[in-house]
């Protein structure tokens, strides 16, 4: 079930939060910067994974926050190669099946998702939103809080 929410994604009452990232280890703007400040251990793990070149477009980088329930998983979703580059719709579309796989694999029943690739990424929400909704159509038992651009 998908619900549109407004406000701060980091305040969502969900098991998992999705963070839009690049593949070079920089969280300097937008939602990524907010995640960097709120989850420093996730940032350190993400930077190390980028240095090892294991963060790739189309593949989620999952960090277990160690919290018991709320925000247990931070799912880093690469929406662009470099922080200076715009996001590409094809890269967001390529990552959605892996996001669904991660939710199933970790048995996550609630997740907060930002407007992937929009905002600093430059993609149009009217184009991205249907892709996200279609990806989650096969997960009716997962509560999805979808946050449009502010």
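In our numbering, the protein residues as written are 1 to 150. All C-beta atoms in this analysis are idealised placements derived from N, C-alpha and C, irrespective of residue type, glycine included.
Note that the C-beta distance between residue 75 and residue 26 is not below 8 angstroms. For residue 17, the enclosing beta strand (DSSP E) starts and ends at 16 to 22.
In this chain, residue 81 is not harboured by any beta strand (DSSP E), its DSSP state being neither H nor E. By the C-beta density criterion, residue 103 is buried, having at least 16 other C-beta atoms within 10 angstroms. With fewer than 16 other CB atoms across the displayed protein chains lying within 10 angstroms of its CB, residue 137 is exposed. In its chain, beyond the 5 residues on either side, 14, 15 and 143 have a beta carbon closer than 6 angstroms to the beta carbon of residue 110. Inclusion of residue 139 and residue 94 in the CB contact set at 8 angstroms is not warranted, their separation being larger than that value. Using a Cβ-Cβ distance cut-off of 8 angstroms, the stretch 109 to 125 and the stretch 79 to 89 are in contact, since at least three pairs of beta carbons, one from each stretch, lie closer than that value. With a threshold of 16 other beta carbon atoms within 10 Å, residue 60 meets it and is buried. Residue environment analysis places residue 80 among the buried positions, since at least 16 neighbouring C-beta atoms fall within 10 angstroms of its C-beta. Shown here for residue 147: same chain residues with a beta carbon closer than 6 angstroms to its own, the five before and five after excluded, namely 5, 9 and 114 in chain order.
Around the beta carbon of residue 116, 16 or more other beta carbons sit within 10 angstroms, so the residue counts as buried. Residue 112 sits buried, since 16 or more C-beta atoms from the chains shown fall within 10 Å of its C-beta.
Residues of the same chain with a CB within less than 7 angstroms of the CB of residue 24, apart from the 5 flanking positions on each side, are 50, 82 and 83 in chain order.
Under the criterion of beta carbons closer than 8 angstroms, residue 100 and residue 128 do not qualify as touching, at roughly 16 angstroms.
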